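In this note's numbering, the protein residues as written are 136 to 354.
Each residue gets a CB set at the ideal place from its N, CA and C atoms; glycine is no exception.
For clarity, every value in this text was computed on a predicted model and none was experimentally measured.
Take a look at the structure below.
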């Protein structure tokens with residue numbers, strides 16, 4: 136899902152159709168920055184947050200986003216919104232409220248079933264909000280969202296980029312062979328470069344937004 140890009144470029148917000156305005160995109164990313172920024176604790180988390188969100192506000196150009204597309208797992212979004220509303224976490228609610236304005240404009244994709252997760256194709260979907268191939272094109276950062284049905288496992292994977300997730304649902308996360316953790320709605324998961332990680336939902340669907348800086352060299 137991630138790729139490294141060597142040189143900076145321009146972020147754009149145009150070509151989004153009548154239901155998607157520059158203002159709504161800016162509002163979502165600002166709400167996300169505030170929600171993540173309120174929870175960063177370690178030096179690495181703070182550095183990653185600053186690296187990603189320093190590019191706000193966005194600069195418009197003429198690139199067109201991919202066409203909207205939905206997936207079966209998107210049926211879980213309504214339940215996720217109910218859980219966020221019930222959580223009492225105001226920053227997560229602000230993110231969800233702005234995300235609901237754009238969810239139907241996203242190019243949702245799914246993945247083939249695997250031996251470890253035979254129903255993944257029908258129960259997982261993700262979309263790029265900002266990044267290469269995203270609703271907003273940029274080669275500086277990647278911000279994306281995933282939704283996963285209850286009782287679904289997303290298998291071990293890794294990538295060279297460091298990554299911050301904002302959890303917007305119940306659900307468990309694991310790095311390497313460590314114990315599973317459940318951060319809860321409004322909390323963060325930091326994946327350092329190349330760490331193996333996975334996710335597991337149980338009785339409720341899972342929703343989270345990832346943020347990745349692309350234009351950096353990891354030492």
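query                                                                                                   : result
Where the beta strand (DSSP E) containing residue 261 begins and where it ends                          : 259-265
Neighbour-count burial assignment, residue 230, 16 or more Cβ in a 10 Å radius                          : buried
Per DSSP, cross-strand counterpart(s) of residue 281                                                    : 261, 343
Beta-carbon spacing of residue 243, residue 265 below 8 Å                                               : no
Three-state class that DSSP yields for residue 167 in the structure shown                               : helix
Proximity below 8 Å, CB of residue 187 to CB of residue 346                                             : yes
Helix, strand or coil at residue 272 [DSSP, three-state]                                                : coil
Validate contact between the region 325-332 and the region 291-298 using beta carbons, cut 8 Å, 3 pairs : yes
From 293, 191, 200, residue whose alpha carbon lies closest to that of residue 240                      : 200
Beta-carbon separation (whole angstroms), residue 319 vs residue 302, contact threshold 8 Å             : 7 Å
Per DSSP, the bridge partner or partners of residue 242                                                 : 204
Backbone CA spacing between residue 221 and residue 203 [nearest angstrom]                              : 29 Å
Span separating the alpha-carbon of residue 211 from that of residue 284                                : 6 Å
Cβ of residue 318 within 8 Å of any chain B Cβ                                                          : No chain B is part of this structure, which consists of one protein chain only.
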